[in-house]
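Here the sequence shown is numbered in this note's numbering, starting from 554 and rising by one per residue. Worksheet: one structure, shown below.
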Amino acid sequence: MVRRSWRIVFLNVLAGLAVLAQGAGSAHSAEDRPPNFVIVFADDLGYGDLGCYGAKNIVTPNLDRMAREGNRLTSFYVAQAVCGASRAALLTGCYPNRIGMLGAPGPQARHGIHPDEMTLAEVLQQRGYATAMYGKWHMGHQHEFLPLQHGFDDYFGLPYSNDMWPNHPTNGRDYPPLPLIAGNDVIELNPDQTQLTTWYAERAVNFIEANRDTPFFLYVAHAMPHVPLFVSENFQGKSKQGRYGDVIQEIDWSVGQILDALQRTGLDENTLVLFTSDNGPWLSYGNHAGSAGPLREGKGTAWEGGVRVPCIVRWPGHVRAGSESAEVAATIDLLPTFAHLAGEPLLTGEPLPERKIDGANAWPVLSGQPDARSPHEAYYYYWGNELQAVRSGRWKLHFPHDYRSLTGPAGQDGRPGGYTNQRCGLELYDLESDVGERNNVAAQNPEVVQRLQNLANAMREELGDSRTSQKGQGVRPPGSI
Ligand code: MG
């Protein structure tokens, strides 16, 4: 109840500010207009899958150009290495376990994003932004959880993963036909997935053109390169890495469409564009999976290959061109950072105890300022409700936990291979000298281990830990029906 009443106050204050802003002269002039925001979110794209992150057989000229003209981050994190939880973190600024949004909810799920949670889209919509989302939602597929009820003016896409359909290679019987949704309505079942990337790109371009005079927030969450991989005829056979490479090259094309539209509408210098991925590569899919480059493991693990993803930020005149940042920043920082850039006073500075979030304003890091420091003393790697690791600066401490690893034959052409269960102990890695997490240096650095243990203990009080059977004081429930 306390949170609900707080939210109403929050919305009222925002509405008041919006009225004041409009009273000052409705359409924003070029100078005082807050920036537009575009987030392009790939699905299961690995750290090593773009040209500007070292890919050899995949050509990504548009994303490489974004990196040349913007900032390339090398320690950018998602909150958990799985689609649904990762998306919830991006849109709420919270570790997903804080808001009860774990895993990858499928068609049987009865829960979704809680109506009291404030999404990035709601924050910006309340400031007068036009908002749209095209692509994979994955925060609950029932009416009350869909994007239009959580801050978006327009929506078109899949409510959950594109493999949750009867054609799933191993679990097809578990899934009803895959719905394609426009607004709040299912408009098609089992849509032609070869067209998804094109459809999302076309809608993104139309939205930009229709909103050239209004600040906007555009969230494009591609279904690809999550399996099953589909690509339009235009990109079939175009890469040197088979179907997977073709799919990435089509996503790169879609980013080019967005950049072209911004230039055409004269909005290049008003618009921050950020490209990233929801988690690392799904390695069991073999030639239909991406690459984590130098990082260990992939999707579904707390190793760097699961949660460290490419992130490119471009905003001409505001983000330093050609910069590179190795400081820790994360998708949970996007809500507070964008709120700060949009002039939202209530989300700058201290988090509010009634509606605590975990992200922080990371603008100095995202914009490539030379001496920028991470806003996080520590970053936490949860899997579900289990705290599996913590990073502070160069050090990462794993707590003893099980993880999946590909030890047998990998998958082939859309059929998955098998994972086996592995276990790690209390292990310390120096990510600056050992990004691949190969040399456990816990024994040589007992004081570092102790410091990271202390940070973890503080977080266990707040968000809990299923491994130590602790309940967190700061955990909120998801919405449910
Ligand atoms: Mg994913």
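Don't be surprised by glycine CBs; every beta carbon is placed ideally from N, CA and C. Just so we're clear, the structure is a prediction, and the values are computed from it rather than from any experiment.
- The shortest C-alpha to C-alpha distance from GLY964 to any of TYR753, ALA882, LEU836, LEU815 is the one to LEU836.
- In this structure, the alpha-carbon of GLY736 lies about 19 Å from that of HIS667.
- Here PRO712 is buried: its Cβ has 16 or more other Cβ atoms, across all protein chains shown, within 10 Å.
- Straight through space, the alpha carbons of ASN992 and ALA776 are spaced by roughly 36 Å.
- Annotation for CYS636 indicates a beta carbon within 7 Å of some heavy atom of ligand 1.
- Going by beta carbons, VAL784 and GLU803 fall inside the 8 Å limit.
- Looking only at GLY1027, ALA674, ALA685, HIS721, the smallest Cα-Cα distance to VAL758 is reached by ALA685.
- The DSSP assignment places 614 to 622, 636 to 645 as complete runs of the alpha helix (DSSP H) inside the stretch 611 to 667, in order along the chain (cut-off: 4 residues).
- A distance below 8 Å separates the beta carbons of GLY921 and SER876.
- For the pair ARG908 and ILE611, the Cα-to-Cα distance works out to about 42 Å.
- Here GLU939 has SER1019, ARG1020 as same chain residues with Cβ atoms under 6 Å from its own Cβ, once five neighbours each way along the sequence are excluded.
- At a Cβ-Cβ threshold of 8 Å, THR890 and ASN914 count as neighbours.
- The C-beta separation of ALA754 from SER830 comes to about 17 Å, leaving the pair out of contact by the 8 Å criterion.
- C-alpha of VAL1028 to C-alpha of GLU1000: approximately 30 Å in a straight line.
- The beta carbon of GLY607 is closer than 6 Å to those of GLY601, GLY846 in its chain, skipping five residues each way along the sequence.
- When C-alpha distances from LEU1008 are compared across ASP805, GLN695, GLU930, HIS721, the shortest belongs to GLU930.
- DSSP places LEU733 in the uninterrupted beta strand (DSSP E) bounded by 732 to 735.
- Sixteen is the threshold: since fewer than 16 other Cβ atoms of the shown chains lie within 10 Å of the Cβ of VAL739, the residue is exposed.
- DSSP, reduced to helix, strand and coil, places PRO863 within a strand of the structure shown.
- Ligand 1 has no heavy atom closer than 7 Å to the beta-carbon of ASP716.
- Under the three-state reduction of DSSP output, TRP948 falls in the strand class.
- Beyond the five residues adjoining it in sequence on each side, ALA634 comes within less than 8 Å, by CB distance, of ASN832, GLY833, GLY851, LYS852, GLY853, THR854, ALA855, GLY859, VAL860, TRP936 in the same chain, given in chain order.
- Partner residues in the beta bridge of HIS954, as assigned by DSSP, are CYS977.
- Between PRO953 and the set PRO923, GLY623, ALA995, GLY604, the nearest pair of CA atoms involves ALA995.
- Per DSSP, the continuous alpha helix (DSSP H) segment holding SER807 begins and ends at 795 to 817.
- One alpha carbon belongs to THR818, the other to ALA595, and they sit about 25 Å apart.
- Going by beta carbons, HIS694 and PRO660 fall inside the 8 Å limit.
- Annotation for PHE828: the continuous beta strand (DSSP E) segment containing it runs 824 to 830.
- When the beta-carbon positions are compared, ASN615 and LEU812 come within less than 8 Å of each other.
- Of the candidates HIS691, PHE590, THR613, TYR630, TYR630 places its Cα closest to the Cα of SER878.
- Taking non-hydrogen atoms of ligand 1 into account, the C-beta of ASP831 is found less than 7 Å away from one of them.
- Among the bridge pairs identified by DSSP, ILE592 is matched with TYR772, LEU827.
- Per DSSP, the beta-bridge partners of SER876 are ASN624.
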